[in-house]
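Notes to accompany the following structure.
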Amino acid sequence: MKKTLLTAAAALAILSGCGGGSKKGGQNEDAQKFIDSYTTEYVKLYTAQEEAQWKSNTEIKAGDSTNQVAAEKADQAMADFTGSKENIENAKKFLDQKEQLSDIQKKQLDFILYNAANNPQTVADIVKQRIKAENEQTQVLYGFQYMLEGKKVSTNQLDDILKKETDVNKRLLAWDASKEVGPKLKNGLINLRNLRNQTVQALGYHDFFTYQVSDYGMKTDEMMQLMDRLMRELWPLYRELHTYMRYEAAKKYGIGTVPDYLPAHWLPNRWGQDWSSTISVEGLNLDSVLQAKSAQWIVKDGEDMYVSIGFPKLPQTFWDKSSLYPYPPDSSVKKNNHASAWHMDLNKDVRSLMSVEPNAEWFETSHHELGHIYYYITYTNPDVPPLLRQGANRAYHEAIGSMMGLAAMQKPFLVGRGLIGTDVKTDSIQSLLKEAMNSVVFIFFSSGTMSNFEKAMYVDSLPANQFNQKWWDLAKKYQGIVPPSARGEEFCDAATKTHINDDPAQYYDYALSYVILYQLHNYIAKNILHQDPRATNYYGNKGIGDFLKKIMYTGSSKDWRTVLKESTGDDLNAKAMLDYFEPLVNWLKEQNKGRKYTLPEQMP
Ligand code: X8Z
Ligand code: ZN
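The sequence shown begins at 2 in the working numbering and counts up one residue at a time.
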């Protein structure tokens, strides 16, 4: 149920009337001819588009829009093709004769229609404006020069301050500096919201968020209910973590009165999405181990873990063509500094764009990106046609690498790799606390603040003069986080998060990826490794590689629910994640005895 045939077909009825396709014989072959010729053109345009986008994301020069213009041109060529009346009518015609199609043909035709809905020729001018606005937004966000006390700084440097600085005034300066880009993005974001909605509305979708959700075969309400259920299940644990964090942070910063809500600049991440670096587990301090390594080592070590479980070595072109390390903070050429993985030609050219430095956060992110890369490599095979070289769903694509990142931080793995000594005693509850400060905390940002903000923007047409108010209302409600001081509508703090601009209306992918990754990890620990899920060592186990390859091999040619059921025996559910953190709840309750709880007992 990946790309919904029904929704796309209903949309097409609006576009081109409801004529049925001709019922001549040999439709299977005709359909295949159409799919083949579409694929040839699609792969050509896709490759050109990725090359142009790669350049415009790795070479951003102030006052020089050459790369941006080239990217727009390539995007436009792709939009003209995918949204053309001819392609839409052909796909529709063949889908009208479903019984004559194989399952894999149906899936490809669905993909063609889904793609068309984002670029319909009937609103060519809107599509054109959207493409321009999207490319401009990326240039504004990543061409931005962050400044701290009159000096040029990189986002890596700001992140470092937020992780390490104990002087709250200095923290505040760094946090403020990190939000300076927001106002520059506000008009572009409002424009993009309108254009994205108008594009898909032309084909009968209510709004762009609903269009993106339909990729899961789900309705907006279903997705939001799923987000709510996930948070409701984790709420008792989150409430303990929130209470713990308020008290511990106040202690660390020497603040006598513990605030009811967490001030955003107290947290070690620009959006409060990951608090794990505040917990230092004695004997297991990965940051200090990694400090002695190089950025190159971080990526190589990630590759090594994948190779050890049976994946191939990365192709030489990955190393030659990727952009893995940061430019100097004052470089006149800038690049997109948010990590990403690229499948340049839907074939062998795979690359990653990162700004790796030797610390635990980039160690985890490297594993995450390599998960995407190995997904690309695995579903690039003769059984998966180029149009279906995607994750089982988008969340799957995000889950594999995050799971490997999680596994690479567990003690038995680190001991096995010689990164910490064999005889080091560590406190397992502290380790679990550190992990919860990552995974559990993240759910309230992804399912709560981000998903609800994007839903408000696209589905409920949030008025432009309420963007910042809404953002902070949601951060308070779901994350229990407040801004350091009042943030009026002259700011646009949501827009400082890259996905709001350039990966829109799909942040629930990450929330779901955590649910899936704990399900997969739980299965691996119990059934392949026969180890405690909280203390595993994946290294060198080919059974894990076989298990993952089987999931990844089919790309999106198999329904994602079937993939989950076949691999883990289960439907999508948070039980594995809840079980994982179960021992932490009582420990936290003990620590929080006598402390004031400010979040309500039930999720609001
Ligand atoms: O954006 C990412 C990846 C992109 S492939 C680095 N992540 C989310 C984020 O940084 O907000 C990974 C987890 C959450
Ligand atoms: Zn990712």
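Backbone N, C-alpha and C define an ideal beta-carbon position, used for all residues, glycine too.
| query | result |
| --- | --- |
| Residue of 57, 32, 34 and 77 minimising C-alpha distance to residue 46 | 77 |
| 6 Å Cβ shell around residue 49 - same chain, five flanking residues per side excluded | 75 |
| Any non-hydrogen atom of the ligand ZN within 6 Å of residue 399 CB | yes |
| Cβ shell of residue 377 (< 6 Å), same chain only, five flanking positions each side left out | 344 and 351 |
| Residue 342, DSSP secondary structure in three states | strand |
| Outcome for residue 331 when other beta-carbon atoms lying within 10 angstroms are tallied against a minimum of 16 | exposed |
| Pick from 300, 201 and 488 that is closest to residue 406, judged by C-alpha positions | 300 |
| DSSP-derived helix/strand/coil call for residue 148 | strand |
| Proximity winner among 346, 298 and 391, relative to residue 359 (alpha-carbon distances) | 298 |
| For residue 354, the first and last residue of its enclosing beta strand (DSSP E) | 351-354 |
| Extent of the continuous alpha helix (DSSP H) run through residue 40 | 28-59 |
| Exposure label - residue 419; buried when at least 16 CB within 10 Å | exposed |
| Reduced DSSP secondary structure (H/G/I, E/B, other) of residue 204 | coil |
| Whole-number beta carbon distance between residue 287 and residue 408, since they are thought to touch under 8 Å | That belief does not hold up - the Cβ atoms of residue 408 and residue 287 are roughly 13 Å apart, past 8 Å. |
| Buried or exposed (CB count within 10 angstroms, at least 16 for buried), residue 522 | buried |
| Cα-Cα separation between residue 34 and residue 339, rounded to whole angstroms | 40 Å |
| Within 5 Å of the ligand X8Z: residues by beta-carbon to any heavy atom | 340 and 511 |
| Backbone secondary structure at residue 310 - three-state DSSP | coil |
| Whole-angstrom distance between residue 506 and residue 461, CA atom to CA atom | 13 Å |
| Where the alpha helix (DSSP H) through residue 588 begins and ends | 576-592 |
| C-alpha gap between residue 555 and residue 457, whole angstroms | 35 Å |
| 7 Å Cβ cutoff met for residue 178 and residue 147 | yes |
| The region 160-167 contacting the region 98-108, beta-carbon criterion three pairs below 8 Å | no |
| Where residue 594 falls, given that 16 or more other Cβ within 10 Å makes a residue buried | exposed |
| C-beta neighbour in chain C for residue 200, strict 7 Å | Among the protein chains of the structure shown there is no chain C, as only one such chain exists. |
| Residue 387 in three-state terms, based on DSSP | helix |
| Backbone secondary structure at residue 164 - three-state DSSP | helix |
| Nonlocal neighbours in the same chain, by C-beta distance under 6 Å from residue 609, ignoring five residues either side | With the chain covering 2 to 605 only, the question about residue 609 has no answer from this structure. |
| Nearest neighbour of residue 533, chosen from 225, 347, 272 and 413 [CA to CA] | 413 |
| Pairwise C-alpha distance: residue 99 and residue 601 | 51 Å |
| Cutoff 6 Å; reference residue 476; Cβ partners in own chain excluding five residues on either side | 450 and 482 |
| Whether residue 480 touches residue 446 by CB criterion (7 Å) | yes |
| Buried/exposed call for residue 27, threshold 16 Cβ in 10 Å | Low confidence applies to residue 27: its pLDDT is 40, below 50, so where it sits in the model is not reliable enough to give any reading. |
| Closest residue to residue 144 among 259, 60, 216 and 82 (Cα-Cα distance) | 60 |
| Cut-off 7 Å between Cβ atoms - residues of its own chain near residue 472, not counting five sequence neighbours on either side | 454, 494 and 495 |
| Three-state secondary structure (DSSP) of residue 559 | coil |
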